[in-house]
Structures are given as structure tokens and as C-alpha cells.
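Every letter in the sequence shown is one number past the one before it in my numbering, and letter 19, counting from 1, is 776. Written below as C-alpha cells is the structure these notes are about.
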Amino acid sequence: MKVLHGIPAAPGLVIGSAHIIRPTPSVDVTAQRTVEETVDKARLERAIAQAITRLDSLRDIAGSSTAEMLAAQREMLDDPELRQGADALITAGFTAEAAITRVAADYAQQLAALPDPYLAARAEDVQEAGRRIVAELQGTSLEVHLDSAAILVARDLAPAETVGLDPAFLQAIVTEAGSATGHLAIVAQGLGIPAVVGVADVFAQIDEGTTLVVDGDRGTVTIAPDETIRSETKTRLAAAQRDKKDLEVFRDRAGMTADGVRVEVFANIGSLAEARKAVEMGAEGVGLFRTEFIAANGLPSEEAQHAIYEDCLLY
């Protein structure tokens, strides 16, 4: 048994099996092609088309803020400079994977150096677009899929990687990167699952299928818990379930003090998922909308912000 420490990102306690999400293999940016130029250019064209199709599908099921970010990536996939630059490098002898990786990195570096913060923030979109194209070239996917209950363990998870996850299977999230106010924290809080981020060397310490106890309140991850910890965890979970059940009777009642003064109970939210959760828990309105969370992964356009607020109002 071993206890790892990180940053509490979303409250809660769970015991389950680890599912490891390893980073995609790095691309050799010096690799020279061994096929005809036309073959690699055709591969690149197909990969871009496939990446666009995949992004369009993800946008259909994503929340407004994530959909806006995916739209920005899609624009980059359609950018003629990206294609032309990669084609030129393929002509020069590089593989399609090396070519698109080099061009995306150079393009992102140029954007990051711009004085305009909005344009500089697009550098991340370019890098992500490049990663998507490489994934298609390699016949892999950046999205995470679960077909059984599991605790996700990863270096980091981009917003798009979590779009297709089935909340019924996602028990908790543990990552090396991240912060208490980052995208993963928002996702986990909205889903009501525990999350611990900033845990060092997760791949060296956690194996696929290992039993974990994730404590999002304390910011700890217990690997292969002994019977004492398992028993303690089950006791705490049972107590939390009883408390939740006891409180549920008040969910649909009007807030009222003992002497009959009406008190409206509002919720603080930072996403559509949290707005949905607030309604489920009986909130009568929103007291504070943490709008800065919407811009945690890039500043959304005015239209995107309008769509986010409109979606929340539907609840």
C-alpha cells in the first residue's frame, strides 16, 4: 500500500480500478519518408478530413464552452498555411507525421509570440490540431472511452478528450498535471466525482487495474489499499450516502427559517453541467456564475458565451 498526495480538485471519495491513459507516442520530427511523395500527401489529406469529421461529431455532443474550443481547432485544421507548410516538408523528404508536427509547432510558436492575447491563445489550438492529425495518421484516437467503471489516471486530459466519456462509468480522475480551477476540476465537479490533480509520477506508481482509493477532499490517492483502509473507506462511503439521503428530503422544500422567514437557496456554478446539477439538487437560482471558468481553456467568442448562458437558462 502507498499513499500519493496531490491537489484536491473535486470533492468525494471512491474506491475502484485504475484505467491508465498514456500520452500518445512522440513523433520523430526528423523522420524521412520511405514512400512516394504523393502517397504521404494523400495520407495527410485523408487524416485532415478524418480529424474534421471526428471533431464535428464531438461538437454535436459537447457543452457550449468545449464546443467552442473544438470549433477553434477545426478552423486550424482547415487553415491552408498548415496544409501548404506540411506539403512543402513532405516534398522536402519528411514523413507526413513529421511534417505536420513541425509545421504545427512552428505555427504555434509564431502565434504565442503575438502581443494580442486572443491570438496568442490560439497557439494551443494549433498544437492540438496537429496532434489530432497525427493521431489519424497513426490510426489512433485522442478521445478516451470507457466500457466499464474505472478511475482515469493520466498525465493530463484535454477538454476534447473527455467529451465522449460515459458519466456512468467515470468514477474519479487522477492526473499529474492540472489545477484546482482547471478544466478537469470543472468537469469532475460538474459530474459529482472526486478528482485529485498534481500527483507526481503516476505512470511509474500506478498500474492498469490497480485498486485505488481516491479522496478528493484530502487530495490523496491510496494504491492497493489494505483491509483497514478498505474498511474505513466503506464506512465513510456509507455515512456519506446516509447523509445524502437525509438531506434529499429537503430538496424540494422552500427555504424557510424557524420563525417563518422565506430564504431562497441559490447555487454557485461554473458550467452547464453544474447548472444541471444545481437544478437536480433543488437550487432556486444561481447566486454566482464563475464565468472565468469558461475562459479557462481559451477566451470564447461573444456568440459562444451567449450560447453557454442560454443553455444554462434552459435549466
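Virtual Cβ for every residue (Gly too), placed ideally from N, Cα, C. These numbers were taken from a predicted model, which means no experiment stands behind them.
C-alpha distance - residue i paired with residue j, whole-angstrom precision
i: Arg-888; j: Tyr-1066; result: 31 angstroms
i: Phe-851; j: Ala-952; result: 41 angstroms
i: Leu-846; j: Ala-767; result: 45 angstroms
i: Ala-981; j: Val-970; result: 8 angstroms
i: Leu-812; j: Asp-785; result: 25 angstroms
i: Ala-937; j: Gly-763; result: 10 angstroms
i: Gln-841; j: Ala-849; result: 12 angstroms
i: Val-920; j: Ala-945; result: 12 angstroms
i: Pro-872; j: Leu-827; result: 23 angstroms
i: Ala-1032; j: Asp-1016; result: 30 angstroms
i: Ala-829; j: Phe-1007; result: 43 angstroms
i: Val-1043; j: Leu-1070; result: 10 angstroms
i: Gln-789; j: Thr-795; result: 14 angstroms
i: Ala-925; j: Asp-904; result: 10 angstroms
i: Pro-780; j: Ala-869; result: 23 angstroms
Beta-carbon proximity list for residue i, same chain, < 7 angstroms, skipping 5 on both sides
i: Met-833; result: Leu-839, Asp-882, Val-883, Ala-886
i: Thr-858; result: Val-784, Val-786, Gly-887, Val-891
Bounding residues of the beta strand (DSSP E) (the contiguous stretch that carries residue i)
i: Ala-907; result: 907-911
i: Leu-770; result: 770-778
i: His-762; result: 759-762
i: Ala-1024; result: 1023-1026
Residue(s) in a DSSP beta bridge with residue i
i: Asp-972; result: Leu-770, Thr-977
i: Ala-952; result: Ala-767, Ile-930
i: Gly-1042; result: Phe-1023
i: Gln-789; result: Phe-851
i: Met-1013; result: Arg-1019
Residue range of the alpha helix (DSSP H) that includes residue i
i: Leu-894; result: 874-894
i: Ile-1065; result: 1059-1070
i: Gly-842; result: 837-848
i: Arg-859; result: 853-869
i: Ala-1032; result: 1029-1037
i: Ser-783; result: Premise fails: Ser-783 is in no alpha helix (DSSP H) and is neither H nor E.
i: Leu-903; result: Where Leu-903 is concerned, there is no enclosing alpha helix (DSSP H), given that its DSSP letter is neither H nor E.
i: Phe-960; result: 959-962
i: Asp-983; result: Taken as a continuous stretch (DSSP letters only), Asp-983 belongs to no alpha helix (DSSP H), as it is neither H nor E.
Same chain only: Cβ atoms within 8 angstroms of residue i, ignoring 5 sequence neighbours per side
i: Thr-967; result: Ser-774, Ala-775, Ile-980, Ala-981
i: Arg-1019; result: Ala-1011, Gly-1012, Met-1013
Neighbourhood of residue i by C-beta distance below 6 angstroms, restricted to the same chain and skipping five residues each side
i: Asp-972; result: Leu-770
i: Asp-983; result: Met-758
i: Ala-856; result: Ala-843, Leu-846, Ile-847
i: Ala-880; result: Ala-865, Leu-868, Ala-869
Check: When the Cβ atoms of the segment 795-813 are set against those of the segment 926-944, are three or more pairs found closer than 8 angstroms?
Finding: no
Check: Are three or more beta carbon pairs between the segment 936-949 and the segment 764-778 nearer than 8 angstroms?
Finding: yes
Next item on the list: Evaluate the contact criterion for the segment 904-911 versus the segment 989-1002: three or more CB pairs, one atom per stretch, below 8 angstroms.
Entry: no
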